[in-house]
Amino acid sequence: MAMNFDPFRELDRVASALLDTRQGPQLMPMDLYRDGDHYVLSADLPGIDPGSVDVDVDGQLLTIRAERTMRNVDGVKWLAHERRGGSFLRQLSLGQGIDTEHIAATYENGVLTVTIPVSERAKPRKIEVNAGATQQQAVEA
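The UniProt record's numbering numbers the first residue of the sequence shown as 1 and each following residue consecutively.
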């Protein structure tokens with residue numbers, strides 16, 4: 001088996017592992033777009049057990065939590081150990097005009113997709129314009 005050893009990459013990995021003082025949740029990368037009458041949020045969560053993914057709505061705050069647990073392998077010599085375990089957290093303020101009762105989520109191939117529908121009140125609508133007839137009244141003296 002051929003292995004390439006890059007001492008600078010290894011030094012960078014060790015330095016970031018030692019100097020990374022963040023003990024809290026990690027940020028998950030996401031995309032968000034509007035498609036017609038709903039928003040679609042796609043968040044990368046590779047290697048996450050679907051049972052650990054939690055999507056909550058509290059008022060206008062959408063919270064996504066997930067946990068990646070790493071296998072503990074004893075008695076092995078690691079050649080590379082770059083993937084980190086831990087918790088992931090993302091919170092979004094939904095604002096007005098969202099139908100929070102019908103938010104749906106799916107997890108497939110390491111991607112969490114949350115569909116957020118726009119409420120009926122917030123959808124664009126056409127307002128009918130009525131032509132009013134002007135009536136003239138005769139004034140008698």
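In this text, a Cβ means the ideal position worked out from N, Cα and C, and glycines have one as well.
Could you have a look at residue i and say whether DSSP puts it in helix, strand or coil?
| i | result |
| --- | --- |
| residue 44 | strand |
| residue 11 | helix |
| residue 108 | strand |
Tell me the DSSP bridge mates of residue i?
| i | result |
| --- | --- |
| residue 86 | 68 |
| residue 38 | 35, 117 |
| residue 57 | 62 |
Apart from the five residues just before and just after residue i, which ones in its own chain have a Cβ nearer than 8 angstroms to its Cβ?
| i | result |
| --- | --- |
| residue 84 | 26, 68, 70 |
| residue 77 | none |
Identify, in the order they occur along the chain, each residue of the same chain with its Cβ nearer than 6 angstroms to the Cβ of residue i, setting aside the five sequence neighbours on each side.
| i | result |
| --- | --- |
| residue 94 | 60, 62 |
| residue 65 | 54, 89 |
Is residue i near the ligand COA, judged by its Cβ being under 8 angstroms from some heavy atom?
| i | result |
| --- | --- |
| residue 67 | Questions concerning the ligand COA fall outside what the structure shown contains, since it holds no ligand whatsoever. |
Report yes or no: do the region 114-129 and the region 73-88 share at least 3 C-beta pairs separated by less than 8 angstroms? no
How do the region 36-49 and the region 108-119 stand: do at least 3 beta-carbon pairs fall below 8 angstroms, yes or no? yes
Evaluate contact between the region 95-107 and the region 27-36, counting only Cβ atoms and requiring at least three cross-stretch pairs below 8 angstroms. no
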